[in-house]
Amino acid sequence: MKRAIELLKKHNLLKIIDDELDINLEIPHVAYIEVKEPNSKAILFTNVVDRKNGKKFKEPVLMNVFCNEKAVKLFIGDGDIIGAEIESLLKMKPPVSFSEKLSTLGKLFSLKNTIPKKLNKKGVCQEVVKLGSDAKLSDLPVITTWEEDGGPFITMGQVYTQSLNGELKNLGMYRLQVYDDNTLGMHWQIHKDSNHFFHEYKQAGKKMPVSIGIGGDPMYIWCGQAPLPIGIFELMLYGFVKNSPAKLVKSITNDIWVPEDNDYIIEGFVDPSKLKIEGPFGDHTGYYTLEEEFPFMEVSAITSKKEPVFLATVVGKPPLEDKYMGYATERIFLPLLRTTAPSLIDYYMPENGVYHNLILAKIDSFYPAHAQQMMHAFWGVGQMSFVKHAIFVNSDAPALTNHDEITKYILNRVNVEDLLATKGAVDHLDHTAPKFASGGKLGVDCTGQEIKELGITLLSDSELLEKMQDISKEIKGLKQYYIDTKNPICVISVDKTRSQKELFEELKPLFSHIKILIIVDNRANDLENPYMLIWRVTNNFDSTRDLYISENTICLDGTNKSTLDGFSRRWPGDVNCTKSVIDSLIERKIIDIDEEFIKKHQLY
Numbered sequence: 019m020k021r022a023i024e025l026l027k028k029h030n031l032l033k034i035i036d037d038e039l040d041i042n043l044e045i046p047h048v049a050y051i052e053v054k055e056p057n058s059k060a061i062l063f064t065n066v067v068d069r070k071n072g073k074k075f076k077e078p079v080l081m082n083v084f085c086n087e088k089a090v091k092l093f094i095g096d097g098d099i100i101g102a103e104i105e106s107l108l109k110m111k112p113p114v115s116f117s118e119k120l121s122t123l124g125k126l127f128s129l130k131n132t133i134p135k136k137l138n139k140k141g142v143c144q145e146v147v148k149l150g151s152d153a154k155l156s157d158l159p160v161i162t163t164w165e166e167d168g169g170p171f172i173t174m175g176q177v178y179t180q181s182l183n184g185e186l187k188n189l190g191m192y193r194l195q196v197y198d199d200n201t202l203g204m205h206w207q208i209h210k211d212s213n214h215f216f217h218e219y220k221q222a223g224k225k226m227p228v229s230i231g232i233g234g235d236p237m238y239i240w241c242g243q244a245p246l247p248i249g250i251f252e253l254m255l256y257g258f259v260k261n262s263p264a265k266l267v268k269s270i271t272n273d274i275w276v277p278e279d280n281d282y283i284i285e286g287f288v289d290p291s292k293l294k295i296e297g298p299f300g301d302h303t304g305y306y307t308l309e310e311e312f313p314f315m316e317v318s319a320i321t322s323k324k325e326p327v328f329l330a331t332v333v334g335k336p337p338l339e340d341k342y343m344g345y346a347t348e349r350i351f352l353p354l355l356r357t358t359a360p361s362l363i364d365y366y367m368p369e370n371g372v373y374h375n376l377i378l379a380k381i382d383s384f385y386p387a388h389a390q391q392m393m394h395a396f397w398g399v400g401q402m403s404f405v406k407h408a409i410f411v412n413s414d415a416p417a418l419t420n421h422d423e424i425t426k427y428i429l430n431r432v433n434v435e436d437l438l439a440t441k442g443a444v445d446h447l448d449h450t451a452p453k454f455a456s457g458g459k460l461g462v463d464c465t466g467q468e469i470k471e472l473g474i475t476l477l478s479d480s481e482l483l484e485k486m487q488d489i490s491k492e493i494k495g496l497k498q499y500y501i502d503t504k505n506p507i508c509v510i511s512v513d514k515t516r517s518q519k520e521l522f523e524e525l526k527p528l529f530s531h532i533k534i535l536i537i538v539d540n541r542a543n544d545l546e547n548p549y550m551l552i553w554r555v556t557n558n559f560d561s562t563r564d565l566y567i568s569e570n571t572i573c574l575d576g577t578n579k580s581t582l583d584g585f586s587r588r589w590p591g592d593v594n595c596t597k598s599v600i601d602s603l604i605e606r607k608i609i610d611i612d613e614e615f616i617k618k619h620q621l622y
């Protein structure tokens, strides 16, 4: 990590905080604030303590390493250029001329760098070796991010696993709960490669070796979350992008090979016959994921550099550090998506849709239902299968990242007849699906021509709210957006006491004034904050339950669900900062934010 720190310093992308700060809430709260700043930087915390257990750590903690687009380019490269290189390989044709043969040979020769290189020596990650009872997780400055978390979690661990026969390797990035000095939880979701390996070991009745890297080249982190096809070792992507193979050394107590330049390696074994309750944890959805049984590692060794740096990240409500990593992923993997969806021009996963909740895609639409065909293709491809809401536009649409213009383009084309509501696999962390990991998908085809008629009589916000409140006193607020389009959006907040389908039915006399109606809870929502409203609704909406249509009026129920809605699963709470911690950090001048910032980002 020291190379990364020097690079960040050189490019004025690093803050150094020497004030004494606690791994429990304080350090992660500072990082959570920083990542929401318009020009956020990485933060190196040099004076790290654990007041609850009376500990002071000699190693610093680095957070927010992928602090902005510039940092991503420093550590990963230009996503568009890398994507173009991948596309050129995918489209490579048999060479004809001598110069073409040389060019092709050069491209193929460079692929040798995708194969990780195994070193017959110890790495700098093994300068200090602690075995058995000397290997204590409490010696690491592992952060506790949120007050309702089940404990401290390693949040930037590179988890290295392999199949039972050793032929398949995997690098994944999962949260890892510290239970005690020797026990570390493995949050292996059902769709992940590590979970597939786990079941191989379970069936064979054998313990599963696992090694976890922390720190080293930040590129390892990005590779660990890259949506590669099953069976492709993520460190091959490292070698392709870096044009230099990853250098690996063998773990001390198991057969897993790890990067030689990691700052820490935690080694151990998972007994597949044993599970522990993991969580809760305030996750990147902005909600807590609830307690659930997962495998856990029994630590056999912890190795490190002589002067390690502990790397961590913070998750919660957007925007987050994954905003910048996600943009690089979009650019680099666009050519691979085109192999399944050839008419795809571009795609964009807005950060406030927390990636798997919302995707915008631009296509060349050539025939009726082409967009619907593409939706099914997306929902059948790797991690794209977890996307809940997909909006497709034609090639004449504005840039997908031009939020205002693309929104107007979409709203001028939304048509009830062009909605596709279906079911499929959803992310393990999806809390709103009627059943675990299986829920609704909504596709919106906006590839057609602009709608000719508005079809409603617009009213002012105050007039429409008054008419609504004459029907139901549970409606507390109203805000209309994009009234200059053919599908204005009307957002209402409610004090919910029943299924919102009943309210929808009662409001039908007013549908001559409403095209798209969105309902949210009055508590914890700000109708003047569209960024966070998108986050809330895309999180809370399931098309199999929360979509109501009457003629040309569409309603999306973005309220929290309960037994009132026939929802039998537990509904998690929002991820919120601890106010007393924020107040203390402000008072000590560690952070400088005002009430407007707090409200904008809904810190609590």
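This note's numbering applies: residue 19 is where the sequence shown begins, and numbers increase by one.
Every residue, glycine too, gets a C-beta built ideally from N, C-alpha and C.
In this text the structure is predicted, and so the values were computed from the model without any measurement.
Margin query: Measuring only the C-alpha atoms, how far is residue 496 from residue 540?
Written below: For residue 496 and residue 540, the distance between alpha carbons rounds to 10 Å.
Note to self: Based on DSSP bridge pairs, tell me the residues matched to residue 251.
What the structure shows: Looking at the DSSP output, residue 251 shares a beta bridge with no other residue.
Checklist line | Which listed residue (67, 30, 556 and 613) has its alpha carbon closest to that of residue 36 | finding: Nearest option by C-alpha distance: 67.
Notebook entry, point to check: From residue 164 to residue 157, what distance separates their C-alpha atoms?
Noted result: The straight-line gap separating the alpha-carbon atoms of residue 164 and residue 157 is approximately 21 Å.
Checklist line | For residue 233 and residue 322, the rounded distance between their alpha carbons | finding: Spanning the two alpha carbons is a distance of roughly 10 Å.
Next item on the list: Report yes if the CB atom of residue 308 is closer than 8 Å to the CB atom of residue 297, and no otherwise.
Entry: Yes, they are a contact pair.
Notebook entry, point to check: Can you give the Cα-Cα distance for residue 536 and residue 468, rounded to whole angstroms?
Noted result: Taking the Cα positions, residue 536 is about 22 Å away from residue 468.
Checklist line | Span of the beta strand (DSSP E), counted from its first residue to its last, around residue 380 | finding: Residues 376-381.
Next item on the list: Label residue 454 either buried or exposed according to how many other C-beta atoms from any shown protein chain fall within 10 Å of its C-beta, with 16 as the threshold for buried.
Entry: Classification for residue 454: exposed.
Next item on the list: Name the one or two DSSP bridge partners that residue 333 has.
Entry: DSSP links residue 333 through a beta bridge to no other residue.
Margin query: Three or more C-beta pairs under 8 Å: does that hold for the region 201-215 against the region 312-331?
Written below: Two segments are said to touch when three or more pairs of C-beta atoms, one from each, lie closer than 8 Å; by this definition the region 201-215 touches the region 312-331.
Note to self: Tell me which residue opens and which closes the alpha helix (DSSP H) that residue 227 is part of.
What the structure shows: Premise fails: residue 227 lies in the beta strand (DSSP E), 226-232, not in any alpha helix (DSSP H).
Next item on the list: Report the option in 616, 518, 359 and 266 whose CA atom is closest to the CA atom of residue 550.
Entry: Comparing Cα positions, the closest option is 616.
Next item on the list: Pull up the distance between the alpha-carbon of residue 399 and that of residue 102, whole angstroms please.
Entry: Straight through space, the alpha carbons of residue 102 and residue 399 are spaced by roughly 21 Å.
Next item on the list: Please name the residue or residues paired with residue 453 in a DSSP beta bridge.
Entry: Answer is 456.
Next item on the list: Determine the contact status of residue 178 and residue 274, defining contact as a CB-CB distance below 8 Å.
Entry: Closer than 8 Å, so yes.
Note to self: I'd like to confirm the pairing. Which residues does DSSP put opposite residue 410 in its beta bridges?
What the structure shows: Its beta-bridge partners are 379 and 463.
Check: Can you tell which of 236, 188 and 294 has its C-alpha closest to the C-alpha of residue 249?
Finding: It is 188.
Notebook entry, point to check: Helix or strand or just coil, what does DSSP make of residue 558?
Noted result: In this structure, DSSP gives residue 558 a helical state, which the three-state scheme calls helix.
Next item on the list: Since I believe residue 462 is in contact with residue 567 (beta carbons under 8 Å), could you give me their beta-carbon distance rounded to a whole number of angstroms?
Entry: Between residue 567 and residue 462 the beta-carbon gap is near 13 Å, outside 8 Å, which marks them as no contact.
Next item on the list: Rounded to whole angstroms, what's the CA-CA distance from residue 143 to residue 135? Just pull it up for me.
Entry: Across the structure, residue 143 and residue 135 are spaced so that their CA atoms are roughly 16 Å apart.
Next item on the list: Taking all protein chains shown into account, decide if residue 256 is buried (16 or more other Cβ within 10 angstroms of its Cβ) or exposed.
Entry: So residue 256 ends up on the buried side.
Check: Counting only runs that start and end within the region 475-542, where is the alpha helix (DSSP H) found for 4 or more residues in a row?
Finding: Counting only runs of 4 or more, we get 479-489 and 518-524.
Margin query: Please classify residue 291 as buried or exposed, where buried requires at least 16 neighbouring CB atoms within 10 angstroms.
Written below: The residue in question, residue 291, is exposed, as its Cβ has fewer than 16 Cβ neighbours within 10 Å.
Next item on the list: Note down the Cα distance separating residue 86 from residue 431, rounded to an integer number of angstroms.
Entry: Those two C-alpha atoms are separated by around 34 Å.
Margin query: Can you look up residue 323 in the DSSP assignment and give me helix, strand or coil?
Written below: Three-state result, residue 323: coil.
Notebook entry, point to check: Where residue 556 and residue 446 are concerned, what is the direct C-alpha to C-alpha distance, given to the nearest angstrom?
Noted result: As the crow flies, the alpha-carbon of residue 556 is around 16 Å from that of residue 446.
Check: So residue 153 is in the beta strand (DSSP E); what residue range does that whole segment cover?
Finding: No beta strand (DSSP E) contains residue 153, which DSSP labels as neither H nor E.
Note to self: For the pair the region 329-339 and the region 598-614, tell me if three or more CB-CB distances fall below 8 Å.
What the structure shows: Contact annotation: the region 329-339 does not touch the region 598-614, with fewer than three C-beta pairs closer than 8 Å.
Notebook entry, point to check: What's the gap between the Cα of residue 175 and the Cα of residue 48?
Noted result: Their backbone Cα atoms lie some 20 Å apart in a straight line.
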